[in-house]
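Heads up: the structure comes next, in structure tokens.
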Amino acid sequence: MFHAFTLEQANLREVQGWKVGQHVQVKEWRGTYEIEGYHQYGRQNEYTTVYLAKLKKDGTKSKYSGDTPIANLMPLGAAQPTTDSAGRTALQAAQELFGSGFAKHGWYNTDRESLVKVETISKTGRVKVQDISVKAGITARSKTVDGHKVYSQEDRLVNFADLEYGLSGDIKTFTPRLFWGEWGFWHDGEIIKAPDMKLTWLLD
Numbered sequence: 045m046f047h048a049f050t051l052e053q054a055n056l057r058e059v060q061g062w063k064v065g066q067h068v069q070v071k072e073w074r075g076t077y078e079i080e081g082y083h084q085y086g087r088q089n090e091y092t093t094v095y096l097a098k099l100k101k102d103g104t105k106s107k108y109s110g111d112t113p114i115a116n117l118m119p120l121g122a123a124q125p126t127t128d129s130a131g132r133t134a135l136q137a138a139q140e141l142f143g144s145g146f147a148k149h150g151w152y153n154t155d156r157e158s159l160v161k162v163e164t165i166s167k168t169g170r171v172k173v174q175d176i177s178v179k180a181g182i183t184a185r186s187k188t189v190d191g192h193k194v195y196s197q198e199d200r201l202v203n204f205a206d207l208e209y210g211l212s213g214d215i216k217t218f219t220p221r222l223f224w225g226e227w228g229f230w231h232d233g234e235i236i237k238a239p240d241m242k243l244t245w246l247l248d
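Numbering (the working numbering), first residue to last: 45 to 248.
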């Protein structure tokens, strides 16, 4: 793995008690990591980013590498946080976000959204959802241009009062994970969020 260190930073072996080569955990990350180096910045080098290599179960380095602020390092065996920045557990966040019985479904780093039906929320905050086949209640956003109504191909509006649908597809389970102090709900590369009145389906 290659990281671009200055000569001074390449010779930096320890910062705030954390040593290069030490095995650590990282706040909100899964697995065990090895410290590979540091990058310090700021007028007086008051900020430190730590470069890390993820370790396989046999202790060897995997192909995955990452970096994080030094404040996110945790000793091995330390307990991961169980509440978000608002003090909510995963269950509380799921109930607040998806208590309506619906969720907005999408893919990580894309703007292709759909509405899904929430089936159950477990005690640990796992959310089971199922796709729906919409019969009524979702329409394309429109505007009037030169006296003619023009419909958007990318933005759709949801009218929950008029929503008619049937269930379709398999049930998927979305697992809660903390990221920068906020709960996200993931299934592989898929995510769900609180539903609102707008869905976006950006065209390629």
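The beta-carbon is built from N, C-alpha and C at its ideal position, and this holds for glycine as well.
Can you check the region 126–151 for any beta strand (DSSP E) of at least 3 residues that lies completely inside it and give the ranges in chain order?
-> Within the region 126–151, the complete beta strand (DSSP E) runs of at least 3 residues are 146–151.
Same chain, Cβ closer than 6 Å to Thr217, five either side skipped, listed in chain order | For the purposes of this step, residue 217 is identified with residue 173 of the sequence shown, where counting begins at 1. Counting only Cβ-Cβ distances below 6 Å, and skipping sequence neighbours, we find Arg170 and Lys172.
Keeping to the same chain, check which residues put their C-beta closer than 8 Å to that of Phe146; ignore five residues upstream and five downstream.
-> The residue you call residue 146 lines up with position 102 of the sequence shown. Hits under 8 Å: Leu159, Val160, Lys161, Val162, Phe204 and Pro239.
Is the number of C-beta pairs between the region 173–182 and the region 125–137 that are closer than 8 Å three or more?
-> The region 173–182 is not in contact with the region 125–137.
Indicate the three-state DSSP secondary structure (helix, strand or coil) for Asp206 in the structure shown.
-> One-based indexing of the sequence shown puts residue 206 at position 162. Helix at Asp206.
Count the other CB atoms, across all protein chains shown, that sit within 10 Å of the CB of Ile215; report buried if there are 16 or more and exposed otherwise.
-> Numbered from its first residue, the sequence shown carries residue 215 at position 171. It is exposed - the Cβ of Ile215 has fewer than 16 other Cβ atoms within 10 Å.
Residues bridged to Lys105 [DSSP beta-bridge criterion] = Position 61 of the sequence shown, counted from the first residue, corresponds to residue 105. DSSP, once it has assigned bridges, lists Leu99 as partnering Lys105.
How would you write the range of the beta strand (DSSP E) that Lys167 sits in, first residue to last?
-> Translated into the one-based positions of the sequence shown, residue 167 becomes position 123. DSSP places Lys167 in no beta strand (DSSP E); its state is neither H nor E.
Tell me whether Ala115 sits in a helix, a strand or coil according to DSSP, three-state version.
-> Mapped onto the sequence shown, residue 115 falls at position 71. DSSP places Ala115 in helix when its eight states are reduced to three.
Distance CB(Lys63)-CB(Lys148) smaller than 8 Å | Mapped onto the sequence shown, residue 63 falls at position 19. Mapped onto the sequence shown, residue 148 falls at position 104. Remark: C-beta atoms of Lys63 and Lys148 do not approach each other more closely than 8 Å.
So is Gly110 buried or exposed if we call it buried at 16+ other beta carbons inside 10 Å?
-> Within the sequence shown, numbered from 1, the residue matching residue 110 stands at position 66. The residue in question, Gly110, is exposed, as its Cβ has fewer than 16 Cβ neighbours within 10 Å.
Leaving out the 5 sequence neighbours to the left and right, which residues in its chain are closer than 8 Å to Ala250 when beta-carbon positions are compared?
-> The structure shown does not extend to residue 250, since the chain is modelled only from 45 through 248, so no value can be given for it.
Write down the C-beta distance between Leu222 and Glu72 rounded to the nearest angstrom, noting that I regard them as a contact closer than 8 Å.
-> Here the question's residue 222 lines up with position 178 in the sequence shown. Here the question's residue 72 lines up with position 28 in the sequence shown. Indeed, because the Cβ distance is near 4 Å, the residues count as touching under 8 Å.
Return helix, strand or coil for Trp62, following the three-state DSSP convention.
-> Position 18 of the sequence shown, counting from 1, holds the residue named residue 62. In the three-state scheme derived from DSSP, where H, G and I count as helix and E and B as strand, Trp62 is classed as strand.
Please report the residue range of the beta strand (DSSP E) in which Asp240 lies.
-> Within the sequence shown, numbered from 1, the residue matching residue 240 stands at position 196. No beta strand (DSSP E) holds Asp240; DSSP gives it neither H nor E.
Mapping DSSP to helix, strand and coil, what is Lys179?
-> As a first step, residue 179 is located in the sequence shown; it is residue number 135 there, counting from the start. In the structure shown, Lys179 sits in a strand (DSSP, three-state: E or B).
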